[in-house]
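Have a look at the structure below, then the notes.
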Amino acid sequence: MSDVVIRAERLSKLYRIGQREKFTTLRDVISRTFTAPFRRWFKNNQNEIVSNYQSSTSNNYIWALKDVSFEVKQGEVVGIIGRNGAGKSTLLKILARITEPTEGYAEVRGRVGSLLEVGTGFHPELTGRENIYLSGAVLGMKKREIDRKFDEIVAFAEMEKFIDTPVKYYSSGMYVRLAFAVAAHLDPEILLVDEVLAVGDAAFQKKCLGKMGDVAKEGRTVLFVSHNMAAIENLCSRAILLHNGRIFSEGETRSVIRTYLQSFLSETSSSSLLDVIEREGTGDIQFTDFHVEDIYGNKLSVIQSGQDVVFVFKFKCKNEQLRNIDFGVGIYTLTGERLTIFHSQYKNQVFEKVPKEGEARCIIKRFPFAPGRYIIKISIIVNNVVADSTPLGIGYIDVVEGDFWGTGKVPKVSFPFLIDAEWSIM
């Protein structure tokens, strides 16, 4: 018997822009069961969509997925990565049977637990307790099986005080905690998890990632969509990169992540940061450029270890009345692992006023990184609210060997940081 539990063959999904998808009701299912021998409603309906697309100018249609084919074996943990709009969530919705493909098909063998977006799967008028039993029933579990897991679910979600409250009164964080606990603990053979975990706090995210690791060790299959490259690398044995609805890369996780991040570098290295659409924040202030200089004002293409450097961030401000402005920089490996992060606020340098157009300068004495290429992520925070945050991979720095210690000595082994120290014997 094949150990393949998910097989997708030329999956495609076409949407008409501005038109909401009609979802299937229980009445529809019952009706189609009795009329199936006499008609092919779904096939005809989908053919009509494709026909309309082909006969139009195509401006009102978009392929969210196009010709996506892959297999997932039992026990695999597969990361699905890509930019916003790449088709990641659409793919998981098709696998979860929430939406139908326009073309192609997907075979899913096993009981599926899914956590795709806040609000999916729970009835708002029912309490948390009632929704746990409802979710278990949908998965085909008997009441005694749910009884056995109930206390564990509530404890994991930390929802003891609110379990008998209707979920319509839950905050988004409470909703996610309970929804994840249900999805992970009711013994699904296949677990589908979207970026929804980003809603929870840092402590709960860590808890969820640990639980997904436990689920994987138990031999169950996990498909995990996330923009957290460190989590993808740590959890997933394999990754799939989607771009414009198609599979752009597939294979070993670290290699696929590197391809994903390099795609940002190649596209943005010679363009204005204002051209980058995929960014977070209110937009009250936005970065327009980033580069590195030496202390004499000369632009640097590479940095020597131990060299004094200046990070220069040009920005444009929509509102000159803003106050309490904090600039931040993160430095990451090419696979998205964060090495360090520093903000102006850490030095008590929160700016009370900035010009409409200007530049922020961050001087770093004796740059402490060893040779290699590192990814830069930059952000601006106004009154503790993100105004602009670039995607991981928007910029990078190359570091070459330098005389960090001023002795002419160079390390013979590779590591990311260089540390100055004084030695003595007493």
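The numbering of the sequence shown is this note's numbering, which starts it at 1 and goes up by one. Cβ coordinates follow ideal geometry from the N, Cα and C atoms, glycine included.
Does the beta-carbon distance from residue i to residue j come in below 7 Å?
{"i": "Ala86", "j": "Leu242", "result": "yes"}
{"i": "Val215", "j": "Leu191", "result": "yes"}
{"i": "Glu107", "j": "Arg7", "result": "yes"}
{"i": "Ala157", "j": "Asp284", "result": "no"}
{"i": "Pro188", "j": "Gly140", "result": "no"}
{"i": "Val399", "j": "Pro371", "result": "yes"}
{"i": "Ala184", "j": "Lys211", "result": "yes"}
{"i": "Arg279", "j": "Thr335", "result": "no"}
{"i": "Val182", "j": "Ser135", "result": "yes"}
{"i": "Arg361", "j": "Tyr396", "result": "no"}
{"i": "Ile73", "j": "Asp3", "result": "Checking the sequence shown, residue 73 turns out to be Lys, not Ile. For Lys73 and Asp3, yes; Cβs fall inside 7 Å."}
{"i": "Glu359", "j": "Lys409", "result": "no"}
Tell me where the alpha helix (DSSP H) around residue i begins and ends.
{"i": "Ile152", "result": "In the sequence on display, residue 152 carries Glu and not Ile. Here the alpha helix (DSSP H) through Glu152 covers Lys143 to Ala157."}
{"i": "Ser226", "result": "It is not in any alpha helix (DSSP H) - Ser226 carries neither H nor E in the DSSP assignment."}
{"i": "Ile94", "result": "Lys88 to Leu95"}
{"i": "Ala181", "result": "Ser172 to His185"}
Which whole-angstrom value is the C-beta distance of residue i and residue j, which I expect to be below 8 Å?
{"i": "Leu178", "j": "Val78", "result": "About 25 Å separates the two Cβ atoms, so there is no contact after all."}
{"i": "Ile81", "j": "Thr127", "result": "Wrong, their Cβ atoms sit about 36 Å apart, outside the cutoff."}
{"i": "Ile325", "j": "Val354", "result": "6 Å"}
{"i": "Ser226", "j": "Glu76", "result": "Not quite, the Cβ-Cβ distance comes to about 16 Å (not below 8 Å), so this is no contact."}
{"i": "Lys142", "j": "Leu186", "result": "Actually they are not in contact, since the Cβ atoms of Lys142 and Leu186 sit about 11 Å apart, beyond 8 Å."}
{"i": "Val193", "j": "Arg109", "result": "Wrong, their Cβ atoms sit about 19 Å apart, outside the cutoff."}
{"i": "Phe70", "j": "Glu250", "result": "7 Å"}
{"i": "Arg16", "j": "Asn60", "result": "6 Å"}
{"i": "Val167", "j": "Asn131", "result": "6 Å"}
{"i": "Phe290", "j": "Ile378", "result": "6 Å"}
{"i": "Ser389", "j": "Gly281", "result": "5 Å"}
{"i": "Leu392", "j": "Leu261", "result": "7 Å"}
Identify every residue that forms a DSSP beta bridge with residue i.
{"i": "Gly372", "result": "Val399"}
{"i": "Ala137", "result": "Paired residues: none, contrary to the question."}
{"i": "Asp294", "result": "Val309"}
{"i": "His243", "result": "Arg246"}
{"i": "Phe367", "result": "Answer is none; Phe367 lacks a bridge partner."}
{"i": "Leu115", "result": "Val193"}
{"i": "Pro124", "result": "Beta-bridge pairing links Pro124 to no other residue."}
{"i": "Cys236", "result": "Bridge partners of Cys236: none, in fact."}
{"i": "Gln321", "result": "DSSP output for Gln321 lists no bridge partner at all."}
{"i": "Asp388", "result": "Ile380"}
{"i": "Glu357", "result": "Lys316"}
{"i": "Glu130", "result": "Note: Glu130 sits in no beta bridge, so no partner."}
{"i": "Glu280", "result": "Ser389"}
{"i": "Phe287", "result": "Phe315"}
{"i": "Cys362", "result": "Phe311"}
{"i": "Phe417", "result": "Phe369"}
{"i": "Pro188", "result": "Paired residues: none, contrary to the question."}
{"i": "Lys299", "result": "Glu293"}
{"i": "Phe351", "result": "Ile325"}
Less than 6 Å between C-beta atoms, sequence neighbours within five positions excluded: which residues of the same chain meet that for residue i?
{"i": "Lys316", "result": "Gln286, Thr288 and Glu357"}
{"i": "Gly245", "result": "Trp63, Ala64, Leu65, Lys66 and Gly87"}
{"i": "Lys347", "result": "none"}
{"i": "Pro368", "result": "Phe417 and Leu418"}
{"i": "Lys13", "result": "Ala64, Leu65, Thr90, Pro101 and Thr102"}
{"i": "Phe122", "result": "Asn131 and Val167"}
{"i": "Tyr133", "result": "Ile146"}
{"i": "Arg429", "result": "Residue 429 lies beyond the stretch modelled for the chain, which goes from 1 to 426, so this question has no answer here."}
{"i": "Ile425", "result": "none"}
Ordered along the chain, which non-local residues of its own chain (more than five positions away) have a Cβ less than 8 Å from that of residue i?
{"i": "Ile364", "result": "Asp308, Val309, Val310 and Phe311"}
{"i": "Ala421", "result": "none"}
{"i": "Arg338", "result": "Ala230, Gly330, Ile331 and Tyr332"}
{"i": "Ile240", "result": "Phe70, Val78, Gly79, Ile80, Ile81, Ile247, Ser249, Glu250 and Val256"}
{"i": "Phe404", "result": "Ser305, Gly306, Arg366, Pro368, Leu418 and Asp420"}
{"i": "Asp294", "result": "Leu300, Gln307, Asp308, Val309 and Val310"}
In the DSSP assignment, the beta strand (DSSP E) including residue i goes from what residue to what residue?
{"i": "Arg109", "result": "Per DSSP, Arg109 belongs to no beta strand (DSSP E) and is neither H nor E."}
{"i": "Phe248", "result": "Arg246 to Glu252"}
{"i": "Trp405", "result": "It is not in any beta strand (DSSP E) - Trp405 carries neither H nor E in the DSSP assignment."}
{"i": "Lys66", "result": "Tyr61 to Lys73"}
{"i": "Arg10", "result": "Val4 to Arg16"}
{"i": "Ile331", "result": "Ile325 to Tyr332"}
{"i": "Arg338", "result": "Arg338 to His343"}
{"i": "Ile98", "result": "Ile98 -> no beta strand (DSSP E), and no H or E assigned at all."}
{"i": "Gly79", "result": "Val77 to Ile81"}
Would you check whether the ligand HEM has a heavy atom nearer than 6 Å to the C-beta of residue i?
{"i": "Leu139", "result": "The model on display carries no ligand, and the ligand HEM is accordingly not part of it."}
Within its chain, find whatever has a CB closer than 7 Å to the CB of residue i; leave out the 5 residues flanking it on each side and keep chain order.
{"i": "Met174", "result": "Met159 and Phe162"}
{"i": "Tyr105", "result": "Glu9"}
{"i": "Ala96", "result": "Val112, Ser114, Leu116 and Leu192"}
{"i": "Glu152", "result": "His185"}
{"i": "Val385", "result": "Thr282"}
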